[in-house]
Amino acid sequence: MDSLQKCIPFIFILFTSLTGFGFGYSIINGPTNATVLAGSVARFNCTVSQGWSIIIWLLNASPVLSALNPGGASVTMNRFTQQNYTSGSDFTSELIIHNVQLNDSGKIECSVQTSAPMSYAYLSVQVNGSLVIKDHDLTVRKNETIEIVCEALGWSPAPDMTWMINNSFVDKSSYVTNHSQGSNDLHNEVSTLTWTLMANETLTCSAYIEALPKPQNATVTLIVHDSLEENGNQEDSARTRTIILAVTLSLGFLLLIIIILIIICCCLRNKKESTYQKELKKVSTKKTNDGSVKTSGHENSGYSPEDSGDKKQMPRISSLPQMASSFYHPEQGLEVNSPPEVPFKVQQSRVSPRRPAEYPVNPRKIRNVTLV
291 MDSLQKCIPF IFILFTSLTG FGFGYSIING PTNATVLAGS VARFNCTVSQ
341 GWSIIIWLLN ASPVLSALNP GGASVTMNRF TQQNYTSGSD FTSELIIHNV
391 QLNDSGKIEC SVQTSAPMSY AYLSVQVNGS LVIKDHDLTV RKNETIEIVC
441 EALGWSPAPD MTWMINNSFV DKSSYVTNHS QGSNDLHNEV STLTWTLMAN
491 ETLTCSAYIE ALPKPQNATV TLIVHDSLEE NGNQEDSART RTIILAVTLS
541 LGFLLLIIII LIIICCCLRN KKESTYQKEL KKVSTKKTND GSVKTSGHEN
591 SGYSPEDSGD KKQMPRISSL PQMASSFYHP EQGLEVNSPP EVPFKVQQSR
641 VSPRRPAEYP VNPRKIRNVT LV
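Residues in the sequence shown are numbered from 291 upward in steps of one, following the working numbering.
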C-alpha cells in the first residue's frame with residue numbers, strides 16, 4: 291500500500307504526458323464549495339467525460355485519494371473515501387471526507403491527466419460551541435428593567451448573535467455584543483440585552499454560523515408578578531420605617547443622656563446649697579451659744595430694747611432705789627415690794643442729771659425682791 295501511494299505522483303506524470311499523444315478527455319463538472327461543521331462529513335463531486343484513466347483528489351495540494359479506470363481507488367488516509375456514479379458516457383467521482391476537522395479547511399482539487407487546468411473548490415470547516423443564558427431570576431417585577439446576558443463560547447468563526455422576544459426580533463440598539471479570542475483559534479462572544487418587562491415574555495438568544503442549518507438558540511421565560519411590586523413597596527416601606535426608628539431611638543437616647551446630665555447637675559447644685567445652709571446654721575448656732583454665755587450673770591434691770599438710735603443716747607443704769615411698796619409671802623418668808631410705775635425720764639434724771647431730758651417717756655414696771 292505504501293509503495294502504491296509513493297507511485298501516485300509518477301502515475302500522474304505518466305498520464306499527463308500521455309495526453310500529449312492524443313488522449314483527449316476533460317472535466318465536465320468540478321467540485322463546489324462546501325461549508326460543514328467540525329465532526330460531520332464533507333462531499334465533493336468531479337464529473338469527467340468518457341475515456342478518462344485516473345482522477346486525483348488533492349487537499350491543500352496534497353494527494354488524498356486517486357480513482358483509477360477501470361475500477362479501484364488508492365487512498366492515503368482512512369478518513370477519505372469515494373463513491374462512483376455513471377451517467378451515460380460521463381463518470382462522476384465523489385470524494386467523501388469523514389469526521390471533518392477544523393484544520394481540513396482549505397482548497398480541494400480534482401485533477402485528470404490532461405493539459406486542461408484542474409477544477410477546485412474550497413472547504414470551510416466551522417465549529418459551533420456552547421450557547422447559554424447566564425444565571426437570571428425567572429421571576430421579576432413589573433416595569434423592572436433588567437439585563438440578560440447570553441454567552442457563546444468556543445465558536446469558529448465568531449457567530450452572529452441576535453435576540454428575539456416572543457418570536458419577534460429585538461432591535462440591535464437594545465443589546466450589545468462583545469467579542470474575544472478563545473483558545474485553539476476559537477471565538478467567544480457575550481451579548482447583553484437591556485429590557486423592561488411589562489408582562490410575561492419568552493426571550494431567545496440565537497447564534498448563527500453558515501454551517502448550521504438553523505440558528506442555535508437558548509431560551510428563557512420571564513414571569514412578571516404584580517405582587518412582587520407590592521412586596522417591593524412593602525420592603526421599601528419597611529426599610530423606611532427601620533431608618534425612622536433608628537433615627538428616633540438615637541435622638542431619644544441622646545435626649546435621655548441630656549436629661550440625666552441635667553438631673554445630675556441639679557442634684558450637685560442642691561447638695562452644694564444644702565451644705566452651705568448647714569454651714570450657715572452651724573455658724574448661727576455657735577454665735578447663739580456664745581451670746582448666751584456672755585450674757586449670763588446678773589440681770590440688768592435697766593436694759594430696754596429700744597431702737598439703735600435710742601441705744602446710743604441712753605446710758606446704762608447701774609442701780610435703782612428701792613421702793614416702799616412690798617408684800618410678804620408666807621411660804622418662803624419673802625417680802626416683795628411692788629415698785630410703782632416711774633416715768634423713764636425721772637429715772638434717767640436721777641442716774642445722769644448731766645444729760646438733757648430729751649428721751650421719750652416710757653412707763654416701766656420695776657420689781658424689787660427682798661429676801662428676809
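Just so you know, even glycine gets a beta-carbon here, dropped at the ideal spot from N, CA and C.
### Message
Quick check: the Cα distance between residue 565 and residue 555, rounded to an integer number of angstroms?
### Response
15 Å
### Task
Assuming residue 336 contacts residue 362 (C-beta within less than 8 Å), just tell me the rounded distance between them.
Residue 336 to residue 362, Cβ: 16 Å. No contact.
#### Entry: The beta strand (DSSP E) enclosing residue 466, as first and last residue numbers
465 to 471
### Task
Drop a sphere of 10 angstroms on the beta-carbon of residue 340, count the other beta-carbons inside from all chains shown, and report buried for 16 or more, exposed for fewer.
exposed
### Query
In whole angstroms, what separates the C-alpha of residue 553 from that of residue 568?
Approximately 22 Å, taken between the alpha carbons.
### Query
What residue does the beta strand (DSSP E) around residue 438 start on, and which one ends it?
Counted as a single uninterrupted DSSP element, the beta strand (DSSP E) harbouring residue 438 occupies residues 435 to 445.
### Task
Take residue 327 and list the residues in its own chain whose beta-carbon comes closer than 8 Å to its own, dropping the five residues that flank it on each side.
Excluding positions up to five away in sequence, the list reads 390, 415, 416, 417, 418, 501, 502.
### Message
Helix, strand or coil, according to DSSP, for residue 530 in the structure here?
### Response
helix
#### Entry: Distance, residue 373 Cα to residue 348 Cα
16 Å
### Query
For residue 430, does the three-state DSSP call read helix, strand or coil?
strand
### Cβ shell of residue 620 (< 8 Å), same chain only, five flanking positions each side left out
Legend: pLDDT at residue 620 = 47, less than 50; position of this residue unreliable, no value from coordinates given.
### Query
Any idea what DSSP makes of residue 393, helix, strand or coil?
helix
### Message
Nearest by alpha-carbon distance to residue 494: which of 438, 470, 547 is it?
### Response
The shortest Cα separation from residue 494 among 438, 470, 547 belongs to 438.
### Task
Tell me, please, which residues DSSP counts as bridged to residue 500.
Its beta-bridge partners do not exist; DSSP assigns none.
### Task
Please report how far the alpha carbon of residue 715 lies from the alpha carbon of residue 492, in whole angstroms.
This structure cannot speak to residue 715, because the chain is shown only from 291 to 662.
### Message
Using the three-state DSSP reduction, which class does residue 559 fall into: helix, strand or coil?
### Response
helix
### Query
For residue 481, which three-state DSSP category applies?
strand
### Query
What is the DSSP secondary structure of residue 631, reduced to helix, strand or coil?
Low confidence applies to residue 631: its pLDDT is 49, below 50, so where it sits in the model is not reliable, and the reading given next is rough at best. If DSSP states are grouped into helix, strand and coil, residue 631 belongs with coil.
### Query
Among all the DSSP beta bridges, which residues are the ones paired with residue 451?
Under DSSP, residue 451 forms a beta bridge with 497.
#### Entry: Reduced DSSP secondary structure (H/G/I, E/B, other) of residue 487
coil
### Message
Mapping the DSSP letters down to three states, classify residue 575 as helix, strand or coil.
### Response
helix
### Query
When the Cα atoms are used, what is the spatial distance from residue 396 to residue 409?
14 Å
### Task
Quick one: residues in its chain with C-beta nearer than 6 Å to the C-beta of residue 352, no 5 flanking neighbours on either side, listed in chain order?
none
### Query
Under a three-way DSSP split, which group does residue 476 fall into?
coil
### Message
Tell me the residue span of the beta strand (DSSP E) that contains residue 515.
### Response
506 to 515
### Query
Which residues bound the beta strand (DSSP E) around residue 324?
324 to 327
#### Entry: Classification of residue 461 by the beta-carbon crowding that lies within 10 angstroms, buried from 16 upward
exposed
### Query
In its own chain, which residues sit with a C-beta less than 6 Å from the C-beta of residue 359, not counting the 5 before and 5 after it?
342, 343
### Message
I'd like to know whether the C-beta atoms of residue 514 and residue 490 end up nearer to each other than 7 Å.
### Response
yes
### Task
Consult DSSP for residue 621 and reduce its assignment to one of helix, strand or coil.
Note that residue 621 scores 46 on pLDDT, short of 50, meaning its location in the model is unreliable and no value can be drawn from it.
### Query
Apart from the five residues just before and just after residue 609, which ones in its own chain have a Cβ nearer than 7 Å to its Cβ?
Caution applies to residue 609, whose pLDDT of 46 falls short of 50 and renders its modelled position unreliable; the value that the coordinates give is listed next. There are no such residues.
### Which residues DSSP lists as bridging residue 416, in chain order
327
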